[in-house]
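Taking my numbering, the leading residue of the sequence shown gets 600, the next gets one more, and so forth. Remarks on the structure that follows.
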Amino acid sequence: MKIIRCLLILGMLLLLPACAREILPPVTEYTLAPVLQMPASSGKPLSMSIKLSPIVASQVFSTTDLYYGEAGFSRNRYAYSRWEDTPVNMLQLVLQDGLEQSGLFQAVLPSSSMAEADALLETTLFDFSQHLQPDGGSVAVVRMRFYLMHEQGRLLASKEFESRVATRTTDAKGAVAAINTAVANIVQDLVLWLPQVLGR
């Protein structure tokens, strides 16, 4: 009897990996690649360079997890969907790309650059997630605050931008599409705001 029992247990253990492979769906990775539509340039680039500081954010946005929030203070992550890189890393590249496309500056330096710049742009990311609504829909929310600093460390101006975009579907795919649109909106707002601060 002991031998039969052991054989049964062993058979069940051997079947477990096969069952797991059948039940668990594959993980889908998403990227941040918003379509940036820059406002028409109003003249020559400013005779200055700008450098981007690393984005400041909570640990939530320093992982590849894709988050959605429900009523109250709950925040959950999709089990089988994630970003291909962390939101802070992807946003860093999108901001640099947007500022370079804008033609506002002679040069846009990444945070890793050892070169000095005439101005520094610091960024804090407050939200980068999907919010489920009581009516059954959902909205993607991206909220960021920018600090424009003089090369000597003096604050020139700061501004917070928030973009809320309704999702077409309430799943991860719908959330990613809406987040991409929200990020594009914020980059456009930033490009419109900087010339006002710098007197162009």
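C-beta: ideal position from N, C-alpha, C; glycine also. Model, not experiment: these values are computed from the prediction.
Compute the Euclidean distance between the alpha carbons of Ser712 and Arg674, then round it to the nearest angstrom. Residue mapping note: residue 712 aligns to position 113 of the sequence shown, counting from 1. Residue mapping note: residue 674 aligns to position 75 of the sequence shown, counting from 1. Taking the straight line joining both Cα atoms gives about 35 Å.
Let's see if you can read the secondary structure: which residues bound the beta strand (DSSP E) around Leu793? Locating residue 793 in the sequence shown gives position 194, counting from the first residue. Careful: Leu793 lies outside any beta strand (DSSP E), inside the alpha helix (DSSP H) at 771-797.
In whole angstroms, what is the alpha-carbon distance linking Leu703 and Ala771? The sequence position of residue 703 within the sequence shown is 104, counting from 1. The sequence position of residue 771 within the sequence shown is 172, counting from 1. If you take the alpha carbons of Leu703 and Ala771, they lie about 35 Å apart.
In the DSSP assignment, find the unbroken beta strand (DSSP E) run with Gln729 in it and report its ends. The residue you call residue 729 lines up with position 130 of the sequence shown. It spans 718-731 - the beta strand (DSSP E) in which Gln729 sits, taken as one unbroken run.
Applying the 10 Å Cβ sphere with the 16-neighbour rule, what's the burial state of Gly697? Locating residue 697 in the sequence shown gives position 98, where the first residue counts as 1. By the 10 Å Cβ count, Gly697 comes out buried.
Cβ shell of Met689 (< 6 Å), same chain only, five flanking positions each side left out: Within the sequence shown, numbered from 1, the residue matching residue 689 stands at position 90. Closer than 6 Å at the Cβ level, and outside the excluded window around Met689, lie Leu631.
For Val740, write down the residues that DSSP places opposite it in a beta bridge. Your numbering for residue 740 matches position 141 in the sequence shown. According to DSSP, Val740 bridges with Ser728, Arg763.
Beta-carbon gap between Met637 and Gln695 smaller than 8 Å: In the sequence shown, residue 637 corresponds to position 38, counting from 1. In the sequence shown, residue 695 corresponds to position 96, counting from 1. No. Outside cutoff.
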